[in-house]
Amino acid sequence: MVLSMHPIMQQSFAVIDREIGDHSFSPREYAIVRRVIHSTADFEFKELLHFSPGAIDGAIAALQQKIPIVTDVSMVKQGITTVVAQTFDNPVISAVEQVEQADPGKTRTETGMLRCFDQFPEAIYAIGNAPTALLALCDRLPATRQPALVIGAPVGFIAVVESKLALAQTSVPQIRIDGRKGGSPATAAIVNALLVLAWAEKA
40 MVLSMHPIMQ
50 QSFAVIDREI
60 GDHSFSPREY
70 AIVRRVIHST
80 ADFEFKELLH
90 FSPGAIDGAI
100 AALQQKIPIV
110 TDVSMVKQGI
120 TTVVAQTFDN
130 PVISAVEQVE
140 QADPGKTRTE
150 TGMLRCFDQF
160 PEAIYAIGNA
170 PTALLALCDR
180 LPATRQPALV
190 IGAPVGFIAV
200 VESKLALAQT
210 SVPQIRIDGR
220 KGGSPATAAI
230 VNALLVLAWA
240 EKA
């Protein structure tokens, strides 16, 4: 199967390439940054995206091994299912869909995230909406087994920056969008870019 790029996306990428200016991203990092900018039309993500050493390598290997992808909310899941189906057909699990009722003192997404971590500790975690889910995940780290990657990109005003700082203080492989920005489209774009890279580099 060959992943095809729509002509409009090709044209959009060309615009981004012209307008982004100087940067120090590696080719793989830039592929992710460019896709996030494409999904948001926001060049500020150039300054906000951070990659821990080896995070992309590990994520690509994990995706090629069809490791599960756990999202915090359904919108992130919906944003990646097409590319997942066109590549490695990884299991995709939305944490919020795993529970009907939150545990006492927790949000439903937080509750679902913790249950997913108990079941799939080595999965790729893509968090684009719920800072409570990211904080809950960080509280479980370090664990005996840790995720292949955590994408920390919740958006908003309450506990968002704090959740990303908590992630930054862990040793887990991570891709973060610092500050208040992020969201489901940006998070899905990161996962999709990783899938495209993994597919292009498969043995």
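To convert, take the position in the sequence shown, counting from 1, and add 39; that gives the working numbering.
For glycine and all other residues, C-beta sits at the position ideal for the given N, C-alpha and C.
The structure presented is a predicted model; accordingly, all values stated were derived computationally and were not measured.
For His62, which of helix, strand or coil comes out of DSSP? Residue state, collapsed to three classes: coil.
Every unbroken beta strand (DSSP E) within the segment 94 to 130, with a cutoff of 3 residues, ordered by chain: Counting only runs of 3 or more, we get 108 to 110.
Close-in-space but distant-in-sequence residues of the same chain around Gln103 (CB under 7 Å, 5 per side omitted): Only Phe127, Ala237, Lys241 meet the Cβ criterion.
Could you tell me which residues DSSP puts in a beta bridge with Val189? Answer is Tyr164, Gln213.
Rounded C-alpha distance that separates Pro204 from Gly221: Reading off the sequence shown, one finds Leu at residue 204, where the question assumed Pro. When rounded, the distance between both Cα atoms is 14 Å.
Would the beta-carbon of Val122 fall within 8 Å of that of Leu234? For Val122 and Leu234, yes; Cβs fall inside 8 Å.
Distance CB(Ala134)-CB(Cys155) smaller than 8 Å: A contact, by the Cβ cut-off of 8 Å.
If contacts are defined as beta-carbon pairs under 8 Å, then Leu42 and Gln125 qualify, I think. What distance do you get, rounded to the angstrom? With a Cβ gap of about 6 Å, Leu42 and Gln125 count as contacting.
Those residues which DSSP pairs with Leu88 across a bridge: According to DSSP, which records beta bridges pairwise, Leu88 is partnered with Ile216.
Determine the DSSP secondary structure at Ile55, reduced to helix, strand or coil. If DSSP states are grouped into helix, strand and coil, Ile55 belongs with the helices.
Pairing CB atoms from the segment 196 to 203 with CB atoms from the segment 168 to 183, are three or more of them under 8 Å? Judged by Cβ distances under 8 Å, the segment 196 to 203 makes contact with the segment 168 to 183, as three or more pairs qualify.
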